[in-house]
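S.K.: Before we start, here is the structure in question, set down as structure tokens.
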Amino acid sequence: MDVIELFKKLLKFHSVTPHDAGSLDFIKDYLPDFEAIWVNKYDVKNLFLYKRFGEGEHLCFAGHVDVVPPGDGWNSDPFEPVEKDGYIYARGAQDMKSGVAAFVQAVKETGSFNGILSLLLTSDEEGDAKYGTKIVLEELRKIGLMPDFAVVAEPTCEKLFGDAVKIGRRGSINGVIEKTGRQGHAAYPEKAVNPIHKVAQVLPHMAGADLDEGDEFFAPSKFVITDIRAGMEVTNVTPGKLKMMFNVRNSTKTTIKDVEDFVHRYFSGMNYTLRISQSAKPFLTDPNSKIVKIIDESIKEVTGTTPKHSTAGGTSDARFFGEFGVKTVEFGVINDTIHAPNERTSVDEVEKLYRVFKKVIEKF
Numbered sequence: 000m001d002v003i004e005l006f007k008k009l010l011k012f013h014s015v016t017p018h019d020a021g022s023l024d025f026i027k028d029y030l031p032d033f034e035a036i037w038v039n040k041y042d043v044k045n046l047f048l049y050k051r052f053g054e055g056e057h058l059c060f061a062g063h064v065d066v067v068p069p070g071d072g073w074n075s076d077p078f079e080p081v082e083k084d085g086y087i088y089a090r091g092a093q094d095m096k097s098g099v100a101a102f103v104q105a106v107k108e109t110g111s112f113n114g115i116l117s118l119l120l121t122s123d124e125e126g127d128a129k130y131g132t133k134i135v136l137e138e139l140r141k142i143g144l145m146p147d148f149a150v151v152a153e154p155t156c157e158k159l160f161g162d163a164v165k166i167g168r169r170g171s172i173n174g175v176i177e178k179t180g181r182q183g184h185a186a187y188p189e190k191a192v193n194p195i196h197k198v199a200q201v202l203p204h205m206a207g208a209d210l211d212e213g214d215e216f217f218a219p220s221k222f223v224i225t226d227i228r229a230g231m232e233v234t235n236v237t238p239g240k241l242k243m244m245f246n247v248r249n250s251t252k253t254t255i256k257d258v259e260d261f262v263h264r265y266f267s268g269m270n271y272t273l274r275i276s277q278s279a280k281p282f283l284t285d286p287n288s289k290i291v292k293i294i295d296e297s298i299k300e301v302t303g304t305t306p307k308h309s310t311a312g313g314t315s316d317a318r319f320f321g322e323f324g325v326k327t328v329e330f331g332v333i334n335d336t337i338h339a340p341n342e343r344t345s346v347d348e349v350e351k352l353y354r355v356f357k358k359v360i361e362k363f
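Each residue of the sequence shown is one higher than the one before, starting from 0 at the first, in numbering that gives the first Met the number 0.
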């Protein structure tokens, strides 16, 4: 098979999170020269494939085979790839079976490498990601197979293939504030403690506030209020409690403790509770590191484009590599139809992505 035939084959697997639908077994059989390590938990399957060519550095390509449910509004069967006008339509075409096909084909055709070449594949990225990439990396650390560098093939390009590489990601901090007051009759506000009125006084200082100034790689960490609710949907009763939810996509300059302190600064003196957690930690790969320079050079040689370095967007499994100290970049096809009906990517992008990964391997 060539890379496009492989891509179409992968798109046919009904691998809705957390199921791989047999796609991981297929990839394992497609790379018979690679040693396989399975790290499975509950319904999640994770496959690590590696081949030791020499005693040099360990380069890992990583991605997920799971996809979100197709939903409605498709012009064709979402699990029967359709090629039309240079595009291939199917669920997972951009996110991210294009990336998986490109690096699987690239490593299959590799005859020599000065070190270890590996693939880390999971069926638990689009869900909670509790039993996916993270537990594989924990196992690799135990057995001494932790990669030195990783390329995560998520769709990163914006307008033109080759225009953006992610060299880091913001973290994600989630919180729930509950402000307790005293319920009462709306006609006698002096006899009640209205939590809406109390919180309304601090909202102008909190909503959309920047918690740091950002830098050349990260936008400022912003306090984003995502939900406020109180009361019983009647006009004559003031509520006894208010709940406010928020999210902070944080840079490396803002910690979960900083967010706690920010909330306390404005809620101090109020009767409130705060539940806060961090679902993803921020990371940044040095733009002068070997992996960034090689991916930049490879993209320039294939496309003629010099990519910008980005940390924008949501979270991905790259965060786990960063957490384990692996120097990581993300690069893949254009991101403009992920999770949407009629998701598609172009044949040209997939072929070029495969060529970029081939060059990355050669340059190592």
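Glycine included, C-beta positions come from ideal geometry on N, C-alpha and C. Note that the structure is predicted; figures quoted are calculated from it, not measured.
1. Which residue comes first and which comes last in the beta strand (DSSP E) that contains leucine 48?
2. Going by DSSP, what residue range makes up the beta strand (DSSP E) through alanine 199?
3. Smallest Cα separation from methionine 0: which of Ala92, Pro80, Glu108 and Glu79?
4. Note the first and the last residue of the continuous alpha helix (DSSP H) segment covering isoleucine 36.
5. Assuming contact is defined by CB atoms lying nearer than 8 Å, are isoleucine 36 and phenylalanine 160 in contact in what I supplied?
6. Could you check whether the stretch 226-239 touches the stretch 176-188, counting it as contact only if at least three pairs of C-beta atoms, one from each stretch, sit closer than 8 Å?
7. Closest to glycine 170 by CA distance: which of Ala279, Gly85 and Arg264 is it?
8. Got a sec? Which residues, its chain only, sit under 6 Å from valine 81 by beta carbon, not counting five neighbours each side?
9. Give every residue of the same chain whose Cβ lies closer than 8 Å to the Cβ of alanine 164, excluding the five residues on either side of it in the sequence, and list them in chain order.
10. Would you verify that the beta carbon of leucine 5 is, or is not, closer than 8 Å to some beta carbon of chain B?
11. Within the same chain, show all residues whose beta-carbon is closer than 6 Å to that of lysine 44, passing over the 5 residues directly before and after it, in chain order.
12. Going residue by residue through the stretch 229-303, where are the continuous beta strand (DSSP E) segments of at least 3 residues, counting only ones entirely within it?
13. Check valine 66 in the structure and name its three-state DSSP category.
14. Taking 8 Å as the cut-off, does the stretch 190-198 touch the stretch 348-361 (at least 3 CB pairs, one atom from each stretch)?
15. Is arginine 325 helix, strand or coil by DSSP?
16. If we count the other Cβ atoms within 10 Å of its Cβ and call it buried at 16 or more, is glycine 72 buried or exposed?
17. Looking at C-alpha atoms only, which residue of Ile3, Phe217, Lys96 and Ile115 is the closest neighbour of glycine 312?
18. Judging by CA-CA distance, which residue of Val64, Leu46 and Gln104 is the nearest neighbour of lysine 358?
19. Under 8 Å by Cβ, that's how I've got proline 340 and glycine 70 pegged, so tell me the actual separation to the nearest angstrom.
20. Under a Cβ-count criterion, where at least 16 other Cβ atoms within 10 Å of its own Cβ denotes burial, should proline 146 be classed as buried or exposed?
21. Helix, strand or coil: how does DSSP classify threonine 132 here?
22. What span of residues does the alpha helix (DSSP H) with serine 22 cover, start to end?
23. Tell me, which residues are paired with alanine 99 by DSSP?
24. Using only alpha-carbon positions, find the residue among Ser288, Phe261, Asp32 and Lys129 that is nearest to leucine 202.
25. Quick check on DSSP: helix, strand or coil for tyrosine 86?
26. Excluding the 5 residues preceding and the 5 following serine 14 in the sequence, name in chain order all residues of the same chain whose CB lies nearer than 7 Å to its CB.
27. Using 8 Å for Cβ pairs, my map puts glutamine 93 next to glutamate 259. What's the rounded Cβ distance?
28. What number of angstroms, rounded off, separates the C-alpha of leucine 210 from the C-alpha of leucine 283?
29. Suppose the cutoff is 8 Å on Cβ atoms and the five residues either side in sequence are ignored; what does the same chain contact list for isoleucine 360 look like?
30. Identify, in the order they occur along the chain, each residue of the same chain with its Cβ nearer than 7 Å to the Cβ of phenylalanine 319, setting aside the five sequence neighbours on each side.
31. Identify whether leucine 159 lies in helix, strand or coil by the three-state DSSP scheme.
32. Can you give the Cα-Cα distance for arginine 140 and glutamate 56, rounded to whole angstroms?
33. Short check: CB of glycine 91 to CB of leucine 5, under 8 Å?
34. Give the straight-line distance between the Cα atoms of glycine 425 and valine 99, rounded to the nearest whole angstrom.
35. What does lysine 165 pair with, by DSSP beta-bridge criteria?
M.R.: From the atom records:
1. Taking the sequence shown and counting its residues from 1, the one referred to as residue 48 is at position 49. Note, leucine 48: beta strand (DSSP E), 45-51.
2. For the purposes of this step, residue 199 is taken as residue 200 along the sequence shown, with counting starting at 1. No beta strand (DSSP E) contains alanine 199, which is instead part of the alpha helix (DSSP H) from 194-205.
3. Residue numbering aside, residue 0 sits at position 1 when the sequence shown is read from its first letter. Minimum Cα distance to methionine 0 is reached at Glu108.
4. In the sequence shown, residue 36 corresponds to position 37, counting from 1. No alpha helix (DSSP H) contains isoleucine 36, which is instead part of the beta strand (DSSP E) from 34-37.
5. Along the sequence shown, one-based indexing puts residue 36 at 37. Along the sequence shown, one-based indexing puts residue 160 at 161. Taking 8 Å as the Cβ cut-off, isoleucine 36 and phenylalanine 160 do not qualify as a contacting pair.
6. yes
7. Working through the sequence shown from its first residue, we reach residue 170 at position 171. Nearest of Ala279, Gly85 and Arg264 to glycine 170, Cα basis: Ala279.
8. As a first step, residue 81 must be located in the sequence shown, where it is residue number 82. Closer than 6 Å at Cβ, skipping near neighbours: Ser75 and Tyr88.
9. Locating residue 164 in the sequence shown gives position 165, counting from the first residue. This sequence places valine at residue 164; alanine is not what is there. If we look at valine 164 and ignore the five residues flanking it on each side, its Cβ neighbours are Thr155, Val291, Ile294, Asp295, Ile298, Pro306, Lys307, His308, Ser309, Val328, Glu329 and Phe330.
10. Annotation note: the requested chain B is absent from the structure, which comprises a single protein chain.
11. Residue 44 sits at position 45 when you count from the first residue of the sequence shown. Around lysine 44: Asp19, Leu23 and Ser122.
12. 240-247 and 271-279
13. On the sequence shown, residue 66 is found 67 positions in, with the first residue counted as 1. It is a strand residue.
14. no
15. By one-based count along the sequence shown, residue 325 stands at place 326. Correcting the residue type first, residue 325 is valine in the shown sequence and not arginine. Three-state result, valine 325: coil.
16. What you label residue 72 is simply residue 73 of the sequence shown in a count that begins at 1. Exposed is the call here.
17. What you label residue 312 is simply residue 313 of the sequence shown in a count that begins at 1. Closest option to glycine 312, Cα to Cα, is Phe217.
18. Walking along the sequence shown from the start, residue 358 turns up at place 359. For lysine 358, the nearest C-alpha among the options comes from Gln104.
19. One-based indexing of the sequence shown puts residue 340 at position 341. One-based indexing of the sequence shown puts residue 70 at position 71. About 6 Å separates the two Cβ atoms, so the contact holds.
20. Here the question's residue 146 lines up with position 147 in the sequence shown. Proline 146 comes out buried.
21. Along the sequence shown, one-based indexing puts residue 132 at 133. Note: threonine 132 maps to helix in three-state DSSP.
22. If you number the sequence shown from 1, residue 22 lands on position 23. Run containing serine 22: 22-29, per the alpha helix (DSSP H) assignment.
23. As a working mapping, residue 99 is identified with position 100 in the sequence shown. At residue 99 the sequence reads valine, which differs from the alanine that was named. Paired residues: none, contrary to the question.
24. The count along the sequence shown starts at 1 and reaches residue 202 at position 203. It is Phe261.
25. Walking along the sequence shown from the start, residue 86 turns up at place 87. Note: tyrosine 86 maps to strand in three-state DSSP.
26. As a first step, residue 14 must be located in the sequence shown, where it is residue number 15. Once the five neighbours on either side are set aside, the close Cβ partners of serine 14 are Ala20, Ser22, Val64, Asp65, Val66 and Ser122.
27. Here residue 93 is taken as the residue at index 94 of the sequence shown, counted from 1. Here residue 259 is taken as the residue at index 260 of the sequence shown, counted from 1. Not a contact, Cβ separation roughly 37 Å.
28. For the purposes of this step, residue 210 is taken as the residue at position 211 of the sequence shown. For the purposes of this step, residue 283 is taken as the residue at position 284 of the sequence shown. In a straight line, the C-alpha of leucine 210 is about 18 Å away from that of leucine 283.
29. Against the sequence shown, residue 360 aligns to sequence position 361. Cβ within range, chain order: Leu58, Ala105, Val106, Thr109, Phe112 and Leu116.
30. To locate residue 319, count along the sequence shown from 1; it is residue 320. Within the same chain, phenylalanine 319 has close Cβ partners Thr132, Lys133 and Leu136.
31. In the sequence shown, counting from the first residue as 1, residue 159 sits at position 160. Reduced to three states, the DSSP call for leucine 159 is coil.
32. The residue labelled residue 140 in the question sits at position 141 within the sequence shown. The residue labelled residue 56 in the question sits at position 57 within the sequence shown. Their Cα atoms are separated by approximately 15 Å.
33. Locating residue 91 in the sequence shown gives position 92, where the first residue counts as 1. Locating residue 5 in the sequence shown gives position 6, where the first residue counts as 1. Their beta carbons are not under 8 Å apart, which means glycine 91 does not touch leucine 5 by this criterion.
34. A question about residue 425 goes unanswered here, because the residues of the chain that appear run from 0 up to 363.
35. Counting from 1 along the sequence shown, the entry for residue 165 is found at position 166. According to DSSP, which records beta bridges pairwise, lysine 165 is partnered with Ser309 and Glu329.
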